[in-house]
Amino acid sequence: MKELKRLISSDDQAAAWQRLRTLATASGSYSELRSLGRLAAALGVESGTAHGLQSLRLALVGGGTPELLADPLRAACVGSGIVPELHVGGYGDFPGELLNPDSALARFAPRIVIVLNTSHELLGRLEFGADRDAIDAIVAQECQAMLGAARAFNERTGAEVVLHTLPVLDESQFGGLAWKIPGAADNFLARFNVSLGEQAPPSVHLIDAAGMAARLGSRNWFDPRFWYHARQPLCFAAVRAWSDAVTALVRAILGLSRKAVILDLDNTLWGGVVGDDGVEGLKLGEGTGDGEAFKAFQLHLRHLRQSGILLAICSKNEESIALDAIDRHPEMVLRRDDFVAIKANWRAKPDNIREIATQLDLGLDAFVFVDDNPAERDLVRRELPAVAVPEMGDDPAYFADVLSRGRWFERISITEEDGRRTEAYRSRARAAASQEAATDLPAYLRSLEMKAVIRPFEAISMERITQLTNKTNQFNLTTRRVVQSEMERFARDASWITYSVRLRDRFGDHGLISVFFGEIRAAQLTIEGWLMSCRVLKRGVEQALFAVVLEEARRRGVEEIIGIYRPTDRNALVRDMYGDLGFEKAAECAREVRFRLEVASARKPEHFIALAMEQPGRRSTPPLEQSVQ
Amino acid sequence: MQQQEVLSRLGEIVSEVLQLDHVELDMTTTADQIDGWDSVSTIEIMVAVEEAFGIRLKTGEMASMSNVGILVNRILAG
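Going line by line, the protein sequences match chains A and B.
Each residue of the first sequence is one higher than the last, beginning at -4 in my numbering.
Each residue of the second sequence is one higher than the last, beginning at 29 in my numbering.
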């Protein structure tokens, strides 16, 4: 802290932010976090963004007096790479601030609003002895009121809204009997939380305060003294855990969560060293406590994989021995197919990790590295600071906990695409291998037997469309971030053209991989968003999509198409795309380049993808993912 | 712990919470004499005092804690 203050007073801002980020990640106490938050506020948002942090308009309202949580939250944000422009509401601002179109909150125009709804507001309505119907009616009404306010605010301003599940704050009066009485507080709050989760629309997200309070203990979450004295919704010992939950969710909303785990093998996925102990000598599965713990950790990883997180291996081993253990050990939960990359060799781990990142087309900040060996962890931390490297401890029984506690993989939705991600990456790797074998490009593209379904945005895909739009950085012409309600509006509005693209080839189904949206005004189509997953680069998808756009533009009397390229540090890949599609450069400034194309003289782009256009809502064949098994 | 010792440690806490360079407290100081010591910062000071002196204040005591004399005597009482 002293060092930090010295850096700030000597105006070494780069070093100050660096130090601030480290301290804000490590610091546990309320007082320290608060001081760090204030120092960050004093340095300012502009200084933060100039030193590599991402800015964010963030609001905190409701639930007693949120003021004391503002600075710690700011600090926690900084620790996770975000410098917030923070609006803090006063006492009792919720739900009025969300509902009033001219409230201070609405005028602030946040990207994300954190609403600290608390159990007290709800428990005030609880009548002991009320029967089940009466309780259900209160739950339904309160849920609707809360979600209604959140939804209204989202629709009016586009902000994503974060609510809290409601924890039990006091000792139970009834013990197990509570679960037989709908009007007992525990029972009532559980019903409310379930309803809240089930009914929350995609633009409303939840912080699981109930789950956190249960894990920490209710007296470590809430201190009644501070509630009675000053309406503090959390006790100060809980502020770190709460801030971490908020920042993880914020990162998920911004599409910044991590995407892959790179795992060591010996003493990480199994007990023992396979090169010395042999496959038969490994501790894994029944027989020993350690073996059970390693197996449980593998199960945890498999669940991560099934929810869309990629797994890869980086281990110092003979490749043949490592693969033999993965294939042959009867208790292995994870098999070769569960991994998108396996690096078992004697090279330095940072080199292997860099290679995996290149192979998967992911930035290093998408990875978490899990290794039981402190020396390897230290090396990766020093060589690749963007990779997250948790302290795993030396007991496999806690490995899964450690990985969960980091909240690296927080997500706001899990779609069908997520379940197929590993397969998609693996088939891409196979296609890349076959590309190396092919000599000319058209022959190779033809050999892929690609089929695309290009359709206007449909309700069933909205979540995936929004998710892809917000997390795609490289093939993304405008890097415009959106909320789902905005995308739904584009889909409804006749002056917009929207398309999503699903692609499959002979190696597998890639799912929904590209999104396009543009607005027609006075015979001019302006392309506001065009992006594609990097899984399917250089396949001619953009050409196929543009052929469809061109046709639709002609049909609707568009005379001129305007393409916009907004450069970021990640999207140089598509700098020349409009040029390659036959557009001319029309205007250029530092923020954007505009291209134009006259529809009358435009040529149809060449590609090797069979197209299937289907009318939304009148599907003659099942959706692609169901037709390919 | 002596009164003077508590006063000086308390001065450090108050200046840290209020982000002031140096706050000199005596037994007659009250919150309204110190820049920025409002009801919100009182709670922060309470939290820091509990952390620093290992005491636990009762709900009823919190309201009177913007009076330094009372606070110091409470800390000395343990």
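C-beta: ideal position from N, C-alpha, C; glycine also.
Keep in mind the model is a prediction, meaning the values are calculated, not measured.
Query, Result
"Residues that Met527(A) bridges to, as DSSP identifies them", "Ser509(A)"
"Members of the stretch 58 to 79 of chain A that neighbour chain B once the beta carbon cut-off is set at 8 angstroms", "Thr60, Glu62 and Leu63"
"Contacts that Arg33(A) makes with chain B (C-beta to C-beta distance below 8 angstroms)", "Gln47"
"Sequence-distant residues of its chain with Cβ nearer than 6 angstroms to Asp66(A) (five each side left out)", "Arg29, Gly32 and Arg33"
"Distance, Asp88(A) Cα to Val448(A) Cα", "47 angstroms"
"Stretch pair the stretch 45 to 58 of chain A + the stretch 210 to 224 of chain A: three plus CB contacts closer than 8 angstroms", "no"
"Beta-bridge pairing of Ala205(A) - partner residues as DSSP gives them", "Beta-bridge pairing links Ala205(A) to no other residue."
"Touch test, the stretch 361 to 372 of chain A against the stretch 537 to 545 of chain A, Cβ-Cβ under 8 angstroms, three pairs minimum", "no"
"Residue environment, Ser238(A), which counts as buried when at least 16 other CB atoms sit within 10 Å", "buried"
"Contact residues within the stretch 11 to 45 of chain A, judged by C-beta distance below 8 angstroms to chain B", "Ser24, Tyr25, Ser26, Arg29, Ser30 and Arg33"
"DSSP beta-bridge partners of Ser5(A)", "According to DSSP, which records beta bridges pairwise, Ser5(A) is partnered with nothing at all."
"Contact set between the stretch 68 to 82 of chain B and chain A, restricted to residues whose Cβ is under 7 angstroms from the partner", "Val68, Ile71, Glu72, Val75, Ala76 and Glu79"
"Contact with chain B by Gln8(A), beta-carbon distance below 8 angstroms", "no"
"Test: Tyr86(A) CB closer than 8 angstroms to a CB of chain B", "no"
"Ser456(A) to Ala76(B) span [Cα, whole Å]", "50 angstroms"
"Enclosing alpha helix (DSSP H) for Pro345(A) [first to last residue]", "Lys344 to Leu355"
"For Val78(A): DSSP bridge partner residues", "Ser50(A)"
"With 16 other Cβ atoms within 10 Å as the buried cut-off, status of Trp341(A)", "exposed"
"contact_flag[the stretch 11 to 23 of chain A, the stretch 68 to 76 of chain A] where n(CB pairs < 8 angstroms) is 3 or more", "yes"
"Among Gly303(A), Arg550(A) and Asp564(A), nearest to Ile492(A) - alpha-carbon criterion", "Arg550(A)"
"Identity of the residue in Glu514(A), Thr263(A), Ala232(A) and Leu318(A) nearest Tyr393(A) by Cα", "Thr263(A)"
"The alpha helix (DSSP H) enclosing Ala138(A), as first and last residue numbers", "Note that residue 138(A) corresponds to Cys in the displayed sequence, not to Ala. Cys138(A) -> alpha helix (DSSP H) spans Arg127 to Thr152."
"Residue burial classification, Val34(B) (beta-carbon count within 10 angstroms, cutoff 16)", "buried"
"Residue of Ser429(A), Leu379(A), Met387(A) and Pro451(A) minimising C-alpha distance to Phe289(A)", "Met387(A)"
"Phe169(A) versus Gln293(A) - alpha carbon distance", "39 angstroms"
"For Trp237(A), the first and last residue of its enclosing alpha helix (DSSP H)", "Val234 to Ile248"
"Neighbourhood of Leu625(A) by C-beta distance below 7 angstroms, restricted to the same chain and skipping five residues each side", "Nothing can be reported for residue 625(A): it is not among the residues displayed for chain A, which extend from -4 to 624."
"Range of the contiguous alpha helix (DSSP H) that encloses Asn465(A)", "Met457 to Lys466"
"Residue-level contact to chain A via CB, Thr87(B), 8 angstroms cutoff", "yes"
"Candidates Asp181(A), Val234(A), Arg214(A) and Val156(A), of which the one nearest Tyr25(A) by Cα", "Val234(A)"
"Beta carbon proximity, Ala225(A) to chain B, threshold 8 angstroms", "yes"
"Beta carbon proximity, Arg475(A) to chain B, threshold 8 angstroms", "no"
"Backbone CA spacing between Glu371(A) and Lys344(A) [nearest angstrom]", "7 angstroms"
"Amino acids of chain B, ordered along the chain, whose beta-carbon sits closer than 7 angstroms to that of Phe221(A)", "Ile71"
"4-residue-minimum alpha helix (DSSP H) runs that sit fully inside the stretch 535 to 589 of chain A, ordered along the chain", "536 to 550 and 572 to 575"
"Buried or exposed (CB count within 10 angstroms, at least 16 for buried), Pro380(A)", "exposed"
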